[in-house]
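In my numbering, the protein residues as written are -3 to 278.
Notes follow once the structure below has been shown.
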């Protein structure tokens, strides 16, 4: 995969506060990348035409608020949220899907009533989960990396999306079976030695991966030990990250297990926005 390009951004909103932030962030990113935005709201087939018209007007109002009504397509679709959003990603050939962290309003089933995790599972495009208000461009971006190709592509996507930000590439090395080792009497001193060995083995691999990102300004490299989900979130707080970037596995019958690991836990722990990039199906 080459450098990620963002020409079409889809913002899926439930018209709640967080959903509206997604629209605002999508518009800001689109201006940065000279892309076009589609603002989407999905309503249930149980809603009558009057409700759908209300949803369309509210959505148009939010678009006018964030974009002055220009350069944004307003779309209301009928159906189940996750599959309908996924179809719209395909229909408009979106390079990025932007969603709010969670919904708050209750306009019947017109809401984006599923979790961002479900949208990540169903979307072929990277998914940006927005928590913070879109007051400015991203300034500090933490790239959670391991030594896989999917991790490299996620990091490249995050760098391409935020060209003006300061980037930190973070790898957290966990000792395999550390909890069980502790239960079986392995001392903290011995565990510390195992962590040091783990760091020595993995650091050169992570350095090579970061060196292959071809970023104009190489990311700062942070390699440490701990629980990946917990430590990544803590490092994000420590460095004041306003965006976290993480890759996750390809679509398969084990989708829930893939997203149920580090990516899911990081997304639920951090307070900043999160960009999740799925590995492309081979």
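Ideal Cβ placement from N, Cα and C applies to all residues, glycine included.
Computed from a prediction, not measured in an experiment: that's the story for all the values here.
Straight-line spacing of the CA atoms in residue 170 and residue 190 works out to 10 Å.
Secondary structure of residue 217 (DSSP, three-state): strand.
For residue 135, the CB contacts under 7 Å within the same chain, skipping 5 residues up- and downstream, are 161, 162 and 238 in chain order. Under the DSSP definition of a beta bridge, residue 162 partners with 136.
Residue 96 and residue 183 have their C-alpha atoms some 44 Å from each other. For residue 35, the secondary structure class from DSSP, reduced to helix, strand or coil, is strand.
It is roughly 24 Å from the alpha-carbon of residue 83 to the alpha-carbon of residue 46.
Take residue 146, set aside five residues on each side of it, and the residues of its chain with a beta-carbon closer than 6 Å to its own are 243 and 275, in chain order.
Assigned with DSSP and collapsed to three states, residue 93 falls in strand. Residue pairing for residue 244: DSSP places it in a beta bridge opposite 274. Cβ-Cβ distances below 7 Å link residue 268 to 127, 128, 232, 237, 238, 239 and 240 in the same chain, with the five nearest sequence neighbours on each side left out; the list follows chain order.
With a minimum length of 3 residues, the unbroken runs of beta strand (DSSP E) contained wholly in the region 34 to 79 fall at 68 to 74. Secondary structure of residue 261 (DSSP, three-state): helix. For residue 118, same chain residues with a beta-carbon under 6 Å away, outside a window of 5 residues either side, are 78 and 82 in chain order. The three-state secondary structure of residue 4, taken from DSSP, is strand. Around residue 50, the same chain offers no residue with a beta carbon nearer than 6 Å, after the five sequence neighbours per side are excluded. Measuring C-alpha to C-alpha distances from residue 258 to each of 223, 271 and 234 identifies 223 as the nearest. As computed with DSSP, residue 269 is found in a beta bridge with 239. Apart from sequence neighbours up to five positions away, the residues of its chain that approach residue 266 with a beta-carbon distance below 6 Å are 229, 232 and 240, ordered along the chain.
Taking the C-beta atoms as reference points, residue 272 is found no nearer than 9 Å to residue 130.
Residue 91 counts as buried, since no fewer than 16 other beta carbons sit within 10 angstroms of its beta carbon. A distance of 9 Å or more separates the beta carbons of residue 72 and residue 34. Counting other Cβ atoms within 10 Å of its Cβ, residue 89 stays below 16 and is therefore classed as exposed.
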